[in-house]
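>
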Amino acid sequence: MKKSILALLLVPILCSSAPAAAQKAPQRDLGYTEYYLKEFEAEVKRAQGSANTMFRNKNEALSRVQRLMKAYPEDPAVQELYERARQALMMSKGDYMPITPAMVAYLNNEKELREKYGRLSAEKWQQLQQGRELVSRVFPAVDPLKNSAESSPIGKTIVLQDVKYPDNQFVGGSGEYIVVGKPSTGYYYVNIGGREWVGPYEAIKRFRREVDGSLGESHNFTVLGTVQGPVMEIPGNRRMNMAWGWVVEPEALYIDGRIVATFDADSEKGGSYVEEEKVDAIKNSWYTEKSVPQDATPQRVMEIFLASIKEKNFELYLECINPERRKTETAQSLIRYHWDLHQERLHGEYVHAVFSDTKITVAKGHDDKNELENFFLDDSQRAQLTGMMGEKVEYATVQSRAFDANGKQIGVKHAHKLIRKGGQNGRWYVDDYAIRF
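If you read the sequence shown in the working numbering, its first letter stands for residue 3, the second for the next number, and so on.
1. Distance, Cα to Cα, P14 vs P78?
2. Enumerate in chain order the residues of its own chain whose CB-to-CB distance from M304 is below 8 Å, with the five nearest sequence positions on each side excluded.
3. Does the region 97-110 touch the region 192-203, meaning 3 or more C-beta pairs lie closer than 8 Å?
4. With DSSP as the reference, label Y341 as helix, strand or coil.
5. Which residues mark the beginning and the end of the alpha helix (DSSP H) in which W127 is found?
6. Give the range of the beta strand (DSSP E) segment to which I261 is assigned.
7. With a threshold of 16 other CB atoms inside 10 Å of the CB of E198, please say whether the residue is buried or exposed.
8. With 16 as the cutoff for other CB atoms within 10 Å, does E253 come out buried or exposed?
9. If I'm right that V182 touches P155 with Cβ under 8 Å, what's the distance once you round it to whole angstroms?
10. In the DSSP assignment, what are the bridge partners of V356?
11. Taking all protein chains shown into account, decide if L70 is buried (16 or more other Cβ within 10 angstroms of its Cβ) or exposed.
12. Let's test the definition: count the other Cβ atoms within 10 Å of the Cβ of A151 and tell me whether it reaches 16, buried, or not, exposed.
13. Let me confirm a value: N315 is counted as buried when at least 16 other C-beta atoms fall within 10 Å, else exposed. Which label applies?
14. Beta-carbon separation of G201 and D282 under 8 Å?
15. Apart from the five residues on each side of it in sequence, which residues of its chain come closer than 7 Å, Cβ to Cβ, to E135?
16. Closest to E204 by CA distance: which of S220, V364, K271 is it?
17. Taking Cβ positions, are G227 and V262 nearer each other than 8 Å?
18. On the premise that W246 lies in contact with P142, defined as a C-beta separation below 8 Å, what is that separation, rounded to the nearest angstrom?
19. Checking 8 Å against the spacing of the C-beta atoms, do P237 and A398 come in under that value?
20. Taking C-alpha atoms, which residue in K207, L318, A27, D169 lies nearest to N222?
21. Measuring straight from C-alpha to C-alpha, what distance separates R422 and K366?
22. Considering only the alpha carbon of each residue, which of K148, Y289, G215 lies closest to R260?
23. So which of S94, A298, E393 has the shortest CA-CA distance to E41?
24. Going by DSSP in three states, A24 sits in which element: helix, strand or coil?
25. Return the CA-CA distance between L318 and E125, expressed in angstroms with no decimal places.
26. Buried or exposed: T187, going by 16 or more other Cβ atoms within 10 Å of its Cβ?
27. According to DSSP, what are the bridge partners of P232?
28. Starting from A104, trace the beta strand (DSSP E) in both directions and tell me its first and last residue.
29. Buried or exposed, going by whether 16 or more other CB atoms sit within 10 Å of the CB of K371?
30. Tell me which same chain residues have a C-beta within less than 6 Å of the C-beta of K410, skipping the five on either side of it?
31. Excluding five sequence neighbours on each side, which residues of the same chain lie with their C-beta closer than 8 Å to the C-beta of H340?
32. Determine, using beta carbons only, whether V233 and V165 come nearer to each other than 8 Å.
33. Roughly how many angstroms lie between the CA atoms of F439 and A404, to the nearest whole one?
34. Which value, in whole angstroms, describes the spacing of the CA atoms of V395 and R327?
35. Evaluate E321 with the Cβ neighbour count: other Cβ atoms within 10 Å of its Cβ, from every protein chain shown; 16 or more gives buried, anything less gives exposed.
36. In terms of residue numbering, what span does the alpha helix (DSSP H) encompassing V137 cover?
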């Protein structure tokens with residue numbers, strides 16, 4: 003009897019010492035939290051790996067999960083929401099990938115070549131001035147109305163610094179010029195209406211396209227030229243009075259520490275930059291891609307297309323583009339324009355891109371890959387349809403994602419369209435070459 007009473011007394015003690023069951027979060031709180039978390043996850047998915055997106059539901063979702071986690075840390079349902087929130091938060095910061103040395107080799111190659119041409123240009127610039135009768139005092143300029151035979155700069159060589167193009171370009175009554183100077187010092191008008199300017203300037207543009215993609219459109223040139231004579235103009239697009247100034251015929255343009263280009267009257271191009279003829283041989287050793295294989299997939303063509311831009315292989319860039327898009331002079335001009343844009347982006351926004359999610363559709367002709375239709379056709383019917391429907395034209399879309407030097411994804415995915423004619427006998431070409439990576 004005593005043993006039975008003792009056992010009954012021990013039961014409450016043992017029950018009170020057992021661990022309490024984990025407290026569950028209210029279903030209502032769980033439901034609201036999951037709703038906002040799903041909205042946040044959907045926003046992250048739509049961002050496609052980009053971090054440059056405002057997530058409207060981010061703070062609400064995270065704060066609700068945080069409150070539940072602090073109040074009910076042992077609840078499996080709360081723990082699951084916490085893990086989902088962690089993943090969504092990391093994905094909202096943007097996608098990342100390791101940037102290998104091979105991906106940025108083009109920047110290092112270009113840096114070495116840029117430094118080489120910087121040295122060559124500095125030497126060439128000094129050579130151009132040797133043995134020339136230079137205008138000893140550029141500013142204040144000699145007054146054209148008061149100059150004498152002794153003070154006249156006509157026929158002499160002048161070096162003008164801070165020649166801003168296109169900032170100080172203007173069209174006057176006697177021609178097109180860049181103004182250099184101000185009322186207190188007098189003016190020089192650099193003549194840009196002839197081959198003497200266009201030849202060297204086009205050479206500088208070729209240098210940017212072929213060697214140094216970091217050069218922009220607007221430049222401060224140092225100009226070496228010959229003083230021709232006085233002219234009266236309204237200097238620049240400004241509210242200023244007419245003023246006398248000396249016309250300067252350019253012979254060479256110099257971007258300090260970068261490149262020098264000279265006028266060549268006998269050249270079809272009108273000018274060249276220093277050792278321009280040696281550039282192709284130097285760059286040829288860089289190239290990782292030199293042609294487009296006939297059987298290259300759309301994704302492979304895009305990889306070659308990107309490499310051609312990175313490595314400044316303009317001929318390969320053209321080879322990647324749909325021949326129908328490069329037939330006219332206007333088309334060629336657009337191709338060069340977008341080449342320059344691609345160069346700027348690969349030097350200021352991103353350094354590499356990856357491609358995926360290829361989708362192919364038949365725009366014209368018989369689709370021999372349509373399994374549903376081909377199930378109902380025999381070989382003779384397929385051959386008949388191939389002849390009836392004419393040349394096969396296919397389009398492909400390939401998605402690209404671009405990454406900066408730190409490996410962070412820049413922007414969202416972009417769709418690139420390619421075209422192939424003639425089925426397996428044809429080759430894939432980039433059709434919308436203007437799309438950014």
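Cβ coordinates follow ideal geometry from the N, Cα and C atoms, glycine included.
The structure displayed is predicted, hence computed values, not measured ones.
According to the structure shown:
1. In this prediction, P14 scores a pLDDT of 49, lower than 50, which makes its location untrustworthy; the coordinate-derived value is nonetheless stated afterwards. Cα-Cα distance, rounded: 29 Å.
2. Cβ neighbours of M304 beyond the five flanking positions: F357, V400, S402, H418, L420, V432.
3. no
4. Here residue 341 turns out to be Trp, not Tyr, going by the sequence shown. Correct three-state label for W341: helix.
5. 107-131
6. 261-265
7. buried
8. Result: buried.
9. At roughly 14 Å, the Cβ-Cβ gap does not stay under 8 Å, so V182 and P155 are not in contact.
10. R403
11. By the neighbour-count rule (16 or more Cβ atoms within 10 Å), L70 is buried.
12. Here A151 is exposed. Its C-beta has fewer than 16 other C-beta atoms within 10 Å.
13. buried
14. Taking 8 Å as the Cβ cut-off, G201 and D282 do not qualify as a contacting pair.
15. K158, T159
16. K271
17. Their beta carbons are not under 8 Å apart, which means G227 does not touch V262 by this criterion.
18. Contact flag wrong, Cβ pair sits at about 13 Å.
19. no
20. D169
21. 11 Å
22. G215
23. S94
24. coil
25. 33 Å
26. exposed
27. W248
28. Run containing A104: none; DSSP gives neither H nor E here.
29. exposed
30. G96, Y98
31. Closer than 8 Å at Cβ, skipping near neighbours: Y435, A436.
32. no
33. Each residue's Cα considered, the two are about 6 Å apart.
34. 16 Å
35. buried
36. That residue, V137, is in no alpha helix (DSSP H); it is neither H nor E in DSSP.
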